[in-house]
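For the sequence shown, the positions run 5 to 173 when our numbering is used.
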Amino acid sequence: MPVNVELNKASPSNFELSFPLLPGQTMLHANDELILNIYGVVLPALNISALEQDWQGTKRKIAGSPAEFEILTTQFIVDAAFKNWKVLYNWMTYIANNKDKMMEFYDRYAVDVSLRILDNFNNSILGINFKGMWPTNLQEVSFSHKEGEVQLEGGCTFVFDYYEVVENI
5 MPVNVELNKA SPSNFELSFP LLPGQTMLHA NDELILNIYG VVLPALNISA LEQDWQGTKR
65 KIAGSPAEFE ILTTQFIVDA AFKNWKVLYN WMTYIANNKD KMMEFYDRYA VDVSLRILDN
125 FNNSILGINF KGMWPTNLQE VSFSHKEGEV QLEGGCTFVF DYYEVVENI
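Structure, rendered in structure tokens:
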């Protein structure tokens, strides 16, 4: 009996997070996008609350709220020129400096972002498109030669409206 072996498998280390030109951005050229060199990301949970409802002498569970998405937290390697860290920093200060106009200003600070999941041959196999994403926390970068690390690492937390799953991208 033949055994079907799948050689091209998804790997937890094959992914990239790409951002379009960001608000308040002066670091990138007009047609560039930021691709974070991320080494860790967790696809956020999707939640729908359940309510109990009486029905013909029994209790049934029904959907109680619209879908809610949890936050996206990423960990990335800071490049030698701190370009990726500065892009995120500039984005956050742009938002903070315009916080009084948030509702009318939303389309100018929230962007659509793509997480591309790649197979072992670097082919895109799945995409997660985050709609209306913006950063809420730029984590610390620790400078220390005592730790023995040869690279600087950072992290960023994002909120977004929702995400869509796109196959065959």
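From the three backbone atoms N, C-alpha and C, an ideal C-beta is built for every residue, glycine too.
I'd like to confirm the pairing. Which residues does DSSP put opposite residue i in its beta bridges?
| i | result |
| --- | --- |
| Thr-78 | Val-45, Cys-160 |
| Asp-58 | Lys-63 |
| Pro-139 | Phe-162 |
| Val-169 | Ile-132 |
| Phe-73 | Leu-50 |
| Phe-19 | Ile-121 |
| Leu-26 | In the DSSP output, where bridge partners are listed per residue, Leu-26 has none listed. |
Should residue i be labelled buried (16 or more other beta-carbon atoms within 10 Å of its own) or exposed?
| i | result |
| --- | --- |
| Asn-126 | exposed |
| Leu-21 | buried |
| Gln-95 | Residue identity differs from the one stated: residue 95 is Trp in this sequence, not Gln. Buried: at least 16 other Cβ atoms inside 10 Å. |
| Glu-168 | exposed |
| Asn-101 | exposed |
| Asn-88 | buried |
| Lys-103 | exposed |
| Glu-56 | exposed |
Give me the residue from the options with the minimum Cα distance to residue i.
| i | options | result |
| --- | --- | --- |
| Glu-37 | Leu-26, Phe-164, Ala-49 | Leu-26 |
| Ile-39 | Ile-99, Val-91, Ile-52, Leu-76 | Val-91 |
| Thr-77 | Trp-138, Leu-55, Ala-84 | Trp-138 |
| Ile-81 | Phe-164, Val-163, Ala-67, Ser-146 | Ser-146 |
| Ser-128 | Val-45, Gln-155, Val-170 | Val-170 |
| Gln-79 | Val-163, Glu-168, Leu-156 | Leu-156 |
| Ile-99 | Ala-84, Ala-49, Tyr-113 | Tyr-113 |
| Ile-52 | Ile-66, Gln-60, Asn-101 | Ile-66 |
| Gly-159 | Thr-62, Asp-58, Phe-86 | Phe-86 |
| Phe-73 | Asp-104, Leu-47, Gly-61 | Leu-47 |
| Phe-109 | Gly-136, Asn-124, Gly-68 | Gly-136 |
| Leu-142 | Ala-49, His-149, Thr-97 | Thr-97 |
| Ala-49 | Gln-60, Phe-134, Arg-64 | Phe-134 |
Using only the heavy atoms of the ligand NAP, determine whether one of them is closer than 7 Å to the beta carbon of residue i.
| i | result |
| --- | --- |
| Ile-121 | The ligand NAP is not part of the structure shown, which contains no ligands of any sort. |
Can the beta-carbon of residue i be found closer than 8 Å to that of residue j?
| i | j | result |
| --- | --- | --- |
| Ala-71 | Tyr-166 | yes |
| Leu-122 | Gly-131 | no |
| Phe-23 | Val-115 | yes |
| Ile-75 | Thr-161 | yes |
| Val-163 | Thr-140 | yes |
Mind pulling the beta strand (DSSP E) runs of 3 or more residues that sit fully within the stretch 84–132?
115–123
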